[in-house]
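Colleague: Just passing along the structure, written as C-alpha cells.
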Amino acid sequence: MNAFHAPADDADLTAWRDTVLRFLGDEVEPHYAQWERDGIIPKTLYRKAAETGLLCVDLPEEYGGIGAPFEYSCAVAEEASRLGYMSLVSNFMMHSDIVAPYILHLGTEAQKRKYLPRMARGECFGALAMTEPGTGSDLQAIKTSATPDGHGGYRLNGSKTFITNGQHAGVVIVAAKTDPKAGGKGMTLFLLDGDKPGFKRGRNLEKIGMHAADTSELFFDDVHLSEDDVLGRIGGGFGHLIDELPRERLMLAVSAVAHAEGALERTIEYVTQRKAFGSTVASFQNTRFELAKIKTDIEVHRAYYEKCRQLYAEGRFDVTSAAIIKLATSEMENRVVDACLQLFGGYGYMAEYPISRYWTDARIQRIYGGTNEIMKEVIARSLVGR
Ligand SMILES: Cc1cc2nc3c(=O)[nH]c(=O)nc-3n(C[C@H](O)[C@H](O)[C@H](O)COP(=O)(O)OP(=O)(O)OC[C@H]3O[C@@H](n4cnc5c(N)ncnc54)[C@H](O)[C@@H]3O)c2cc1C
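Going by the numbering used here, the first residue of the sequence shown is number 65, and it counts up by one from there.
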C-alpha cells in the first residue's frame with residue numbers, strides 16, 4: 065500500500081471535512097451564484113483553496129502536497145458535490161485528481177519539480193486535452209499532430225474542444241499523434257506551458273449546466289515542443305490514458321454519490337415544510353415511497369463506491385470496476401435528482417431553487433469521463449471480448 069494511501073483516522077477525517085466545509089461556507093457560498101452568471105470561477109479562489117490545503121491533497125509532501133490519504137481528496141469532492149458546487153468540483157478534480165496524478169505517475173523528476181509544487185500552491189492550473197471537434201469517444205482518431213522537427217523537438221498543430229480548465233490552465237497535457245499511421249501506438253502525451261507561442265485559447269463554451277466550470281476550445285498553431293515536454297513514453301499516450309482513467313472515473317463516482325445525497329437532503333427539507341391539501345408534501349404516501357426509493361438507491365451505490373475506493377487505495381482498482389462504478393453512479397445520480405426535482409413541483413424548475421441546478425449539473429456525468437455507452441462497451445469486453 066502506498067504510504068499516502070494509508071487508511072485515514074476517523075477523527076482526523078472529520079476535522080478535515082469541517083475544514084473543507086468552512087472553506088466552502090466562507091469562500092464559495094457567498095460568490096457561487098455570481099460565478100455561475102459570470103461563467104467562470106476567478107483564479108484567486110484557487111490560491112485561497114491552496115492555502116487551506118484543498119488542492120492536490122494526496123500529492124506527496126516532497127512535491128508540495130500535504131501527503132494526505134486518498135480519502136481526504138475524496139472528501140473535498142464529496143462536500144462540494146453535496147452542496148451542489150459542481151462547477152467547482154469539476155475544475156478542482158481535473159486539477160488535483162487527474163492532471164497532478166498524471167504528472168506524478170508519468171513525469172520525469174524534472175517535470176514533477178517544475179509543475180507539481182506550483183500546482184499545489186494554486187499558481188499553475190492543470191488541464192487535460194484529449195477531445196477534438198471531430199472525435200471524443202474514439203480517441204485513436206484524434207487529428208492533432210506533433211511532428212518531429214528534425215532537431216529533437218516537435219511542432220504541435222490542431223485543436224481541442226470541451227477542455228476543462230482551458231481558460232485558466234498554466235499547463236495542459238495534450239494528446240497528439242506523433243505517428244499518424246500507427247493507430248493507438250502513434251499517440252504521445254505532451255506537457256504544454258500555457259504561455260507557449262502559437263497556443264491560443266478559444267471560447268469558454270456556454271453549457272446547459274455547470275455554468276461556472278471553465279470548458280474551452282484550445283488551438284495549436286505550430287507550437288514548438290521539446291523532448292523534455294514529452295510526458296511518459298513516445299507512442300505510449302493511449303496506454304497512459306487507459307492507465308490513468310480509473311482514478312478519473314472513481315472521482316466522478318465520488319461526486320455522483322455525494323451530489324445525489326445533497327439533492328435528497330434538500331428535498332427532505334422542502335417536502336417537510338411545503339403544504340398541499342392541508343398537510344405536508346412529506347405526508348403523502350407517494351412522497352414517502354419516493355424518498356425511500358431514493359435513499360435505497362443512494363445507499364446501495366455508496367456501498368459499491370466505498371469498496372472501489374478501498375480497492376484503489378490498495379492499488380487493486382481495475383479498468384472494468386472503474387467503468388462499472390462510473391456507469392452505475394452517474395445513472396443513479398440522474399435518477400435521484402430527477403425524482404427529487406419532481407417533489408418540488410413548479411419550484412423545482414425555478415433557477416432560484418438549488419435543486420434545479422442539481423438537475424442540470426448532473427446531466428454531464430453520463431457523458432464525460434467516457435460516455436456511459438462506452439462504459440458498457442468496456443464492461444462487455446471484460447465479459448465476452450471484442
Ligand atoms: C462539460 C464538459 C467537460 C469536458 N471536459 C473534458 C476535458 O477536460 N478533456 C477532454 O479531453 N474532454 C473533455 N470533455 C469531452 C468528453 O469527454 C466527450 O464529450 C465525451 O467523451 C464524448 O465524446 P463526443 O462528445 O465526441 O461524443 P461522440 O464520441 O461523438 O459520441 C456521440 C454519441 O455516440 C455514442 N457512441 C460513440 N461511440 C460509440 C460506440 N462505440 N458504441 C456505442 N455508442 C457510441 C456516444 O456514447 C454518444 O452517445 C468534456 C465534455 C464536456 C461536455
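Note that the Cβ used here is the ideal one computed from N, Cα and C, for glycine as well.
Does any heavy atom of ligand 1 sit closer than 7 Å to the C-beta of residue 438?
Modeller: Residue numbering aside, residue 438 sits at position 374 when the sequence shown is read from its first letter. Answer for residue 438: yes, Cβ within range of ligand 1.
Colleague: Taking the C-alpha atoms as reference points, what is the distance between residue 353 and residue 336?
Modeller: Here residue 353 refers to the residue found at position 289 of the sequence shown. Here residue 336 refers to the residue found at position 272 of the sequence shown. The straight-line gap from Cα to Cα measures roughly 14 Å.
Colleague: Apart from the five residues on each side of it in sequence, which residues of its chain come closer than 7 Å, Cβ to Cβ, to residue 186?
Modeller: Translated into the one-based positions of the sequence shown, residue 186 becomes position 122. Excluding sequence neighbours, residue 186 sits near 110, 111, 113, 114, 119.
Colleague: Does ligand 1 have even one heavy atom less than 7 Å from the beta-carbon of residue 434?
Modeller: Residue numbering aside, residue 434 sits at position 370 when the sequence shown is read from its first letter. Answer for residue 434: yes, Cβ within range of ligand 1.
Colleague: Return yes when the C-beta of residue 202 is under 7 Å from any heavy atom of ligand 1, and no when it is not.
Modeller: Walking along the sequence shown from the start, residue 202 turns up at place 138. Flag set: Cβ of residue 202 near ligand 1.
Colleague: Need the endpoints of the beta strand (DSSP E) that residue 212 sits in, please.
Modeller: Your numbering for residue 212 matches position 148 in the sequence shown. Looking at the DSSP string, the run of the beta strand (DSSP E) that includes residue 212 is 209-212.
Colleague: When the Cα of residue 320 is compared with those of 400, 447, 330, which residue comes out closest?
Modeller: Here residue 320 is taken as the residue at index 256 of the sequence shown, counted from 1. Here the closest residue by C-alpha is 400.
Colleague: At the level of alpha carbons, what is the spacing between residue 99 and residue 445?
Modeller: Within the sequence shown, the letter at position 35 stands for residue 99. Within the sequence shown, the letter at position 381 stands for residue 445. Approximately 42 Å, taken between the alpha carbons.
Colleague: What are the uninterrupted segments assigned as alpha helix (DSSP H) that are 4 or more residues long and contained completely in the segment 182-264, given in chain order?
Modeller: List check, alpha helix (DSSP H) in window: nothing returned.
Colleague: List the residues that DSSP assigns as beta-bridge partners of residue 344.
Modeller: Numbered from its first residue, the sequence shown carries residue 344 at position 280. Answer is 339.
Colleague: Can you give me the C-alpha to C-alpha distance between residue 230 and residue 383, rounded to a whole angstrom?
Modeller: Taking the first residue of the sequence shown as position 1, residue 230 is located at position 166. Taking the first residue of the sequence shown as position 1, residue 383 is located at position 319. About 27 Å.
Colleague: Just checking, does the segment 123-133 make contact with the segment 148-156 on the three C-beta pairs under 8 Å criterion?
Modeller: No, because fewer than three Cβ pairs between the segment 123-133 and the segment 148-156 fall closer than 8 Å, the two stretches do not touch.
Colleague: Our contact map puts residue 196 next to residue 228 with C-beta atoms below 8 Å; I'd like the distance itself, whole angstroms only.
Modeller: Reading the sequence shown from its first residue, position 132 is the one you call residue 196. Reading the sequence shown from its first residue, position 164 is the one you call residue 228. That pair is no contact at about 15 Å.
Colleague: Just how far apart, CA to CA, sit residue 387 and residue 313?
Modeller: Stepping through the sequence shown from its first residue, residue 387 is reached at position 323. Stepping through the sequence shown from its first residue, residue 313 is reached at position 249. Answer to the nearest angstrom: the Cα atoms are 7 Å apart.
Colleague: May I ask whether a heavy atom of ligand 1 can be found less than 7 Å away from the beta carbon of residue 431?
Modeller: Counting from one through the sequence shown, the residue named residue 431 turns up at place 367. It does: the Cβ of residue 431 is within 7 Å (strictly closer) of some heavy atom of ligand 1.
Colleague: Assuming the contact rule is C-beta atoms closer than 8 Å, residue 179 and residue 235 should be a hit. Round their C-beta distance to whole Å, please.
Modeller: Taking the sequence shown and counting its residues from 1, the one referred to as residue 179 is at position 115. Taking the sequence shown and counting its residues from 1, the one referred to as residue 235 is at position 171. So it is a contact: roughly 5 Å between Cβ atoms.
Colleague: Using a Cβ-Cβ cutoff of less than 8 Å, which residues in the same chain neighbour residue 351 once the five nearest sequence positions on both sides are dropped?
Modeller: By one-based count along the sequence shown, residue 351 stands at place 287. For residue 351, where only same-chain residues beyond five positions count, the Cβ hits under 8 Å are 335, 345, 407.
Colleague: Apply the 10 Å Cβ neighbour rule to residue 294 and answer buried if 16 or more other Cβ atoms are within range, or exposed otherwise.
Modeller: Translated into the one-based positions of the sequence shown, residue 294 becomes position 230. Residue 294 is buried by the Cβ-count criterion.
Colleague: Can the beta-carbon of residue 192 be found closer than 8 Å to that of residue 164?
Modeller: Looking up residue 192 in the sequence shown gives position 128. Looking up residue 164 in the sequence shown gives position 100. No; because the gap between Cβ atoms is not below 8 Å, this pair is not in contact.
Colleague: For the pair the segment 266-278 and the segment 195-210, tell me if three or more CB-CB distances fall below 8 Å.
Modeller: Result no; under three Cβ-Cβ pairs closer than 8 Å.
Colleague: Could you check if residue 226 belongs to the surroundings of ligand 1, using beta carbon to heavy atom distance under 7 Å?
Modeller: By one-based count along the sequence shown, residue 226 stands at place 162. The answer is yes for residue 226.
Colleague: Nearest by alpha-carbon distance to residue 216: which of 242, 436, 201 is it?
Modeller: By one-based count along the sequence shown, residue 216 stands at place 152. Ranking 242, 436, 201 by Cα distance to residue 216 puts 242 first.
Colleague: Are the Cβ atoms of residue 239 and residue 206 separated by less than 8 Å?
Modeller: Stepping through the sequence shown from its first residue, residue 239 is reached at position 175. Stepping through the sequence shown from its first residue, residue 206 is reached at position 142. Cβ distance < 8 Å, so residue 239 and residue 206 count as in contact.
Colleague: Suppose the cutoff is 6 Å on Cβ atoms and the five residues either side in sequence are ignored; what does the same chain contact list for residue 287 look like?
Modeller: Within the sequence shown, numbered from 1, the residue matching residue 287 stands at position 223. Only 220, 260, 262, 263 meet the Cβ criterion.
Colleague: Please tell me whether, using a cut-off of 7 Å, the distance from the CB of residue 85 to the nearest non-hydrogen atom of ligand 1 is below it.
Modeller: The residue you call residue 85 lines up with position 21 of the sequence shown. No.
Colleague: What is the rounded straight-line gap between the Cα of residue 149 and the Cα of residue 96?
Modeller: Here residue 149 refers to the residue found at position 85 when the sequence shown is read from its first residue. Here residue 96 refers to the residue found at position 32 when the sequence shown is read from its first residue. If I take the Cα positions, the gap works out to 8 Å.
Colleague: Considering only DSSP beta bridges, list what residue 280 is partnered with.
Modeller: Locating residue 280 in the sequence shown gives position 216, where the first residue counts as 1. Note: residue 280 sits in a beta bridge opposite 227, 268.
Colleague: Comparing the CB of residue 152 with every heavy atom of ligand 1, is any distance shorter than 7 Å?
Modeller: The count along the sequence shown starts at 1 and reaches residue 152 at position 88. It does not: the Cβ of residue 152 is nowhere closer than 7 Å to a heavy atom of ligand 1.
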